[in-house]
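A.B. asks: Protein chains in written order, with my numbering: chain G, 59 to 678; chain W, 784 to 911.
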Amino acid sequence: MSSLVGFLSLVFAIGINFYLFLSRYIFKFQKQKFNLFIRFSSLLTLLSFFSLMYAYVVSDFSNYNVFQNSHSNKPLIYKISGTWGNHEGSMLLWLSILSIFSFFFSFTKNIEDNFQKLTLIIQAFLHILFGLFIVFTSNPFLVNSILVNEGLGLNPILQDPGLAVHPPILYAGYVGYSIVFSIAIAGLFQNTDDEWLYVAKKWSLISWTFLTGGIALGSYWAYYELGWGGWWFWDPVENISLMPWIAGLALVHSLMMVRGEQAIKKWIVFLSILCFSLSVFGTFLVRSGILTSVHSFAADASRGIFILLIFFIVTGFGFLVFLLKEPKKSNALNLLFINKVSALVINNILMIIATLTILLGTIYPIIIEVLYNKRISVGGPYFNSTVIPIMIPGFLLMSIAPILSWQTNKINNSKKYVLAFIILSILVLIQSYFMDFNTWGFVGLLLGFWIILASIIAIFSSYKIKINFKFFKIINPHVAHIGVGIAIVGITCSSVFKNELDFNLNEGDKFNVNGKTVLFEKIETTNEINFQSLRGKFLFDIEKNQSKEIEAGKNYYPVSKMITSEAGILHQWNKDIYFILGDQKNNEWFVKVLINPFVSFIWLGVIIMMYSGLIAVSRR
Amino acid sequence: MKLSHFYKFLHIIILSFVFFTFKIFAVENIDERVKKLTLELRCMTCQNQSIYDSDAEFSNDIKKIVKRKLLEGKSERDIKIFLVERYGEYILFRPLMNYNNIFLWSFPFILLIIGLFFVLIKTKTRKG
Numbered sequence: 059m060s061s062l063v064g065f066l067s068l069v070f071a072i073g074i075n076f077y078l079f080l081s082r083y084i085f086k087f088q089k090q091k092f093n094l095f096i097r098f099s100s101l102l103t104l105l106s107f108f109s110l111m112y113a114y115v116v117s118d119f120s121n122y123n124v125f126q127n128s129h130s131n132k133p134l135i136y137k138i139s140g141t142w143g144n145h146e147g148s149m150l151l152w153l154s155i156l157s158i159f160s161f162f163f164s165f166t167k168n169i170e171d172n173f174q175k176l177t178l179i180i181q182a183f184l185h186i187l188f189g190l191f192i193v194f195t196s197n198p199f200l201v202n203s204i205l206v207n208e209g210l211g212l213n214p215i216l217q218d219p220g221l222a223v224h225p226p227i228l229y230a231g232y233v234g235y236s237i238v239f240s241i242a243i244a245g246l247f248q249n250t251d252d253e254w255l256y257v258a259k260k261w262s263l264i265s266w267t268f269l270t271g272g273i274a275l276g277s278y279w280a281y282y283e284l285g286w287g288g289w290w291f292w293d294p295v296e297n298i299s300l301m302p303w304i305a306g307l308a309l310v311h312s313l314m315m316v317r318g319e320q321a322i323k324k325w326i327v328f329l330s331i332l333c334f335s336l337s338v339f340g341t342f343l344v345r346s347g348i349l350t351s352v353h354s355f356a357a358d359a360s361r362g363i364f365i366l367l368i369f370f371i372v373t374g375f376g377f378l379v380f381l382l383k384e385p386k387k388s389n390a391l392n393l394l395f396i397n398k399v400s401a402l403v404i405n406n407i408l409m410i411i412a413t414l415t416i417l418l419g420t421i422y423p424i425i426i427e428v429l430y431n432k433r434i435s436v437g438g439p440y441f442n443s444t445v446i447p448i449m450i451p452g453f454l455l456m457s458i459a460p461i462l463s464w465q466t467n468k469i470n471n472s473k474k475y476v477l478a479f480i481i482l483s484i485l486v487l488i489q490s491y492f493m494d495f496n497t498w499g500f501v502g503l504l505l506g507f508w509i510i511l512a513s514i515i516a517i518f519s520s521y522k523i524k525i526n527f528k529f530f531k532i533i534n535p536h537v538a539h540i541g542v543g544i545a546i547v548g549i550t551c552s553s554v555f556k557n558e559l560d561f562n563l564n565e566g567d568k569f570n571v572n573g574k575t576v577l578f579e580k581i582e583t584t585n586e587i588n589f590q591s592l593r594g595k596f597l598f599d600i601e602k603n604q605s606k607e608i609e610a611g612k613n614y615y616p617v618s619k620m621i622t623s624e625a626g627i628l629h630q631w632n633k634d635i636y637f638i639l640g641d642q643k644n645n646e647w648f649v650k651v652l653i654n655p656f657v658s659f660i661w662l663g664v665i666i667m668m669y670s671g672l673i674a675v676s677r678r
Numbered sequence: 784m785k786l787s788h789f790y791k792f793l794h795i796i797i798l799s800f801v802f803f804t805f806k807i808f809a810v811e812n813i814d815e816r817v818k819k820l821t822l823e824l825r826c827m828t829c830q831n832q833s834i835y836d837s838d839a840e841f842s843n844d845i846k847k848i849v850k851r852k853l854l855e856g857k858s859e860r861d862i863k864i865f866l867v868e869r870y871g872e873y874i875l876f877r878p879l880m881n882y883n884n885i886f887l888w889s890f891p892f893i894l895l896i897i898g899l900f901f902v903l904i905k906t907k908t909r910k911g
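1. I want to verify the contact list: residues of chain G whose CB lies under 9 Å from the CB of residue 823/W, in sequence order.
2. Going along the region 404-424 of chain G in order, which residues come within less than 9 Å of chain W, judged by CB to CB distance?
3. Measuring alpha carbon to alpha carbon, tell me which of 625/G, 535/G, 668/G, 648/G ends up nearest residue 274/G.
4. Kindly indicate which three-state DSSP category residue 322/G falls into: helix, strand or coil?
5. Between residue 270/G and residue 664/G, which are expected to be in contact by the criterion C-beta below 8 Å, what is the C-beta distance as a whole number of angstroms?
6. If we define contact as Cβ-Cβ less than 9 Å, is residue 443/G a contact residue for chain W?
7. Buried or exposed: which applies to residue 144/G, given that a residue is buried once 16 or more other Cβ atoms fall within 10 Å of its Cβ?
8. Alpha helix (DSSP H) containing residue 185/G: first to last residue?
9. What residue from 170/G, 213/G, 204/G, 516/G has the CA that sits closest to residue 622/G's CA?
10. Run through DSSP, which three-state label would residue 126/G get?
11. Pull up the distance between the alpha-carbon of residue 625/G and that of residue 283/G, whole angstroms please.
12. Within 9 Å (strictly less), CB to CB, does residue 847/W reach chain G?
13. One question on the structure: do residue 887/W and residue 874/W come within less than 9 Å of each other, judged by their Cβ atoms?
14. Taking 9 Å as the threshold (beta carbon to beta carbon), is residue 833/W in contact with chain G?
15. Using a C-beta to C-beta distance shorter than 8 Å, which residues of chain W count as neighbours of residue 681/G?
16. Any C-beta of chain G sitting closer than 9 Å to the C-beta of residue 837/W?
17. Check whether chain W comes within 9 Å of residue 393/G, counting only Cβ atoms and requiring the distance to be less than that.
18. Counting along the chain, where does the alpha helix (DSSP H) carrying residue 277/G start and finish?
19. Beta-carbon of residue 813/W versus every beta-carbon of chain G: anything under 9 Å?
20. Between the region 248-268 of chain G and the region 194-207 of chain G, do three or more beta carbon pairs fall short of 8 Å?
21. Tell me whether residue 878/W sits in a helix, a strand or coil according to DSSP, three-state version.
22. I need the boundaries of the alpha helix (DSSP H) containing residue 849/W, first residue and last residue.
23. Please identify the residue among 66/G, 279/G, 73/G whose C-alpha is closest to the C-alpha of residue 199/G.
24. Quick check on residue 816/W - is its C-beta less than 9 Å from some C-beta in chain G?
25. For residue 77/G, which three-state DSSP category applies?
26. What do you reckon, are the CB atoms on residue 840/W and residue 876/W nearer than 9 Å?
27. Considering only the beta carbon of each residue, do residue 129/G and residue 221/G sit closer than 9 Å?
28. Under 8 Å between beta-carbons, which chain W residues line up against residue 499/G? List them in chain order, please.
29. Could you give the C-beta distance for residue 754/G and residue 587/G, rounded to a whole number, given that I count them as a contact under 8 Å?
30. What does residue 433/G reach in chain W if we use C-beta pairs closer than 8 Å?
31. What is the DSSP secondary structure of residue 528/G, counted as helix, strand or coil?
32. Rounded to a whole number of angstroms, what is the C-alpha to C-alpha distance between residue 613/G and residue 589/G?
33. If I measure Cβ to Cβ from residue 406/G and keep anything under 6 Å in the same chain, skipping five residues before and after, which residues do I get?
34. With a threshold of 9 Å between beta-carbons, can residue 905/W be considered close to chain G, or not?
35. Whole angstroms are fine: how far does the CA of residue 534/G sit from the CA of residue 835/W?
36. In angstroms, rounded to a whole number, what distance separates the CA positions of residue 843/W and residue 833/W?
Below, the structure written as structure tokens:
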């Protein structure tokens with residue numbers, strides 16, 4: 059029943075969007091009515107989504123999709139998240155988020171009526187494309203042809219709270235760029251004033267913030283769930299999310315130039331189209347199953363071809379309009395060595411080079427396989443030795459970029475910065491002299507701390523310190539950059555200064571980690587609702603009274619016959635101690651302990667970046 | 784002080800550090816060499832894990848092979864070529880720098896040079 063409601067409302071919503079799309083040419087109607095229709099179609103799409111969710115919650119196995127991906131004895135949260143834990147459901151989620159964005163956009167004020175209408179018509183066009191894709195190739199409402207009373211279960215690796223919220227937030231980022239895309243195209247058609255640039259800026263900041271959160275959640279999940287102690291693998295799917303993120307970052311920065319009256323509209327429109335194209339392209343790569351990764355649920359050629367078609371329509375349409383309706387020539391850029399404009403231009407160039415490099419590295423194995431029928435890998439080492447060096451000048455520049463002037467290349471208080479840099483370099487050098495020297499460690503620490511330090515100096519020497527919202531808006535660029543600096547320190551420390559210890563232990567053994575005694579208490583097996591768990595219990599720092607208990611082990615999911623590793627992590631502010639329980643051999647358990655210094659700084663940095671993304675939305 | 788002076792400073796500092804740091808490139812011990820190499824190899828039986836990070840049987844075998852060959856005095860490149868002959872190029876996370884992959888490896892730096900030229904051409908040295 060709920061499946062029927064879901065399917066009908068999905069189709070009906072597509073119909074309304076079709077009607078709205080034609081309204082530009084055939085049936086004209088007023089803004090009020092138009093907006094009502096848009097909102098109505100959004101609600102219908104959401105109704106469709108929630109009826110699928112309902113089918114999951116009540117374990118309605120007459121729905122084929124629920125049968126394939128759910129099981130009645132799963133905890134409720136994974137029944138809900140199971141809605142998007144599969145291809146069909148996740149595409150419906152994609153469409154729902156698209157319509158939520160249209161819904162909110164229809165309420166935007168301070169925007170010209172015709173412009174808003176045109177933007178929403180382009181949204182309607184996108185809704186039709188993705189809606190048809192769902193109906194024809196990925197319908198989540200198919201009826202199960204056999205009568206069953208139990209489902210096949212959700213991939214255990216997806217049964218995790220972090221992964222339950224990761225897809226919606228990530229998709230909010232991806233799909234948010236659809237609005238930016240539509241605004242940019244509408245801006246090309248109706249080239250009246252520059253007002254749309256401000257609107258585009260708000261929406262691109264919102265998308266970027268969501269995308270940041272989604273990526274961070276994904277990598278945090280990888281950190282504690284995949285059980286190898288890393289959080290970023292340069293896996294193709296990670297790369298795919300990183301590309302629109304970097305391009306979106308470039309977009310947000312070039313939209314800053316609007317304020318400096320240096321609008322480079324052409325470039326902004328280009329980036330807007332690029333961001334959404336990369337989002338759709340990413341969806342194509344993941345959903346077509348071309349890439350081997352944990353993320354490709356099911357490979358199906360017809361879906362891949364359909365999405366590839368959508369990709370060509372969207373990108374082709376976007377760039378065609380871009381070429382035909384080129385924005386009016388904006389005034390020449392005031393590029394000096396080095397002022398704010400040239401800093402922003404250099405940063406944009408570097409970000410685009412990074413994006414294109416990631417793109418090449420990600421699709422290169424596919425190209426080689428097609429051309430030479432040979433499988434190769436392009437993995438972390440390639441990206442580490444191309445993308446990171448390219449970004450280093452950008453990182454160096456961003457430390458001082460916010461205080462550069464738009465017009466001249468003078469910089470206030472430059473002596474302070476030079477002095478601070480020298481002192482900092484000496485400190486980092488002393489640090490690396492006493493630790494094992496590592497070039498990357500040295501460069502990363504110097505860059506990270508320099509960005510933090512320079513931003514703090516800039517805040518204190520350029521503005522009067524006040525505690526009110528306006529002040530936080532003014533210093534927001536510096537705060538964002540401090541976040542990046544903190545994240546760089548975290549990334550550097552956790553990847554370069556990571557320490558690894560291997561043990562073979564019996565129950566009751568004591569061993570030494572980082573000068574603290576750890577007791578391997580016992581092994582415990584329990585039966586949970588939908589899995590069996592095996593846990594090694596460790597007591598950390600037993601000499602103290604408040605010793606901490608750590609559990610590391612594995613889960614076995616009988617429904618899907620899979621084993622997942624569950625790392626035990628002890629979080630301290632300056633390091634994570636990460637326990638992995640290995641296999642038992644000759645009555646001894648293999649235990650691996652990783653000491654990851656300053657990992658928490660990565661997440662702290664990301665939270666600061668997201669915070670300032672949100673603050674920037676409210677800043678014109 | 785002008786910004787250009789600041790950048791000269793920066794150069795001097797960075798260069799002097801680079802020279803200073805050369806003394807620290809000491810001899811790595813065998814385990815570190817194994818780690819460095821196996822981090823760049825794919826565990827063929829796992830999903831997206833390096834051989835170093837994985838405890839699968841396949842990975843443990845390769846770790847032993849790598850260690851033995853390093854002790855025999857084989858170079859990293861020899862070992863990579865040996866593994867590629869056995870398992871194909873898929874095992875290497877860092878694609879070989881050879882004629883076939885010339886585009887892959889040169890692309891970012893070609894873009895960088897183009898970008899650099901663009902900025903240099905468009906930049907005015909004086910205000911005006």
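For every residue, glycine included, the Cβ atom is placed at its ideal position computed from N, Cα and C.
C.D. replies: In terms of the structure at hand:
1. Residues of chain G with a Cβ closer than 9 Å to the Cβ of residue 823/W are, in chain order, 437, 438, 439.
2. Within the region 404-424 of chain G, the residues whose Cβ lies closer than 9 Å to some Cβ of chain W are 404, 407, 408, 410, 411, 412, 414, 415, 418, 419, 422, 423, listed in chain order.
3. It is 668/G whose Cα lies nearest to the Cα of residue 274/G.
4. Residue 322/G sits in coil when the DSSP states are folded into three classes, being neither helix nor strand.
5. Rounded, the Cβ-Cβ distance is 6 Å, consistent with contact.
6. Interface residue, yes.
7. It counts as buried.
8. That run of the alpha helix (DSSP H) goes 171-195.
9. Check the Cα spacing between residue 622/G and each of 170/G, 213/G, 204/G, 516/G: the tightest is with 213/G.
10. Of the three classes helix, strand and coil, the one that applies to residue 126/G here is helix, per DSSP.
11. The alpha-carbon atoms of residue 625/G and residue 283/G are separated by roughly 7 Å.
12. Taking Cβ atoms only, chain G never reaches closer than 9 Å to residue 847/W, which makes this a no.
13. Cβ atoms of residue 887/W and residue 874/W: not closer than 9 Å.
14. Yes, residue 833/W counts as interfacial toward chain G.
15. The structure shown does not extend to residue 681/G, since chain G is modelled only from 59 to 678, so the question has no answer here.
16. Taking Cβ atoms only, chain G reaches closer than 9 Å to residue 837/W, which makes this a yes.
17. Yes, residue 393/G counts as interfacial toward chain W.
18. Unbroken alpha helix (DSSP H) run through residue 277/G: 253-283.
19. Answer no: the Cβ-Cβ gap between residue 813/W and chain G never drops below 9 Å.
20. Short answer: they don't touch.
21. In this structure, residue 878/W counts as coil in the three-state DSSP scheme.
22. Boundaries of the alpha helix (DSSP H) harbouring residue 849/W: 840-854, taken from the DSSP string.
23. Considering only alpha carbons, the answer is 66/G.
24. Residue-level contact by beta carbon fails for residue 816/W and chain G, as no gap is shorter than 9 Å.
25. Of the three classes helix, strand and coil, the one that applies to residue 77/G here is helix, per DSSP.
26. In this structure, residue 876/W does not lie closer than 9 Å to residue 840/W by Cβ.
27. No, Cβ-Cβ distance for residue 129/G and residue 221/G is not below 9 Å.
28. Simply none; closest approach about 11 Å.
29. The question about residue 754/G has no answer, for chain G in this structure spans 59 to 678.
30. Here the neighbours are 871, 872, 873.
31. Reduced to three states, the DSSP call for residue 528/G is helix.
32. Looking at the two C-alpha atoms, the distance is approximately 6 Å.
33. Around residue 406/G: 308, 312.
34. At a cut-off of 9 Å between beta carbons, residue 905/W contacts chain G.
35. So the two alpha carbons sit approximately 41 Å from each other.
36. Near 11 Å, if we compare the C-alpha coordinates of residue 833/W and residue 843/W.
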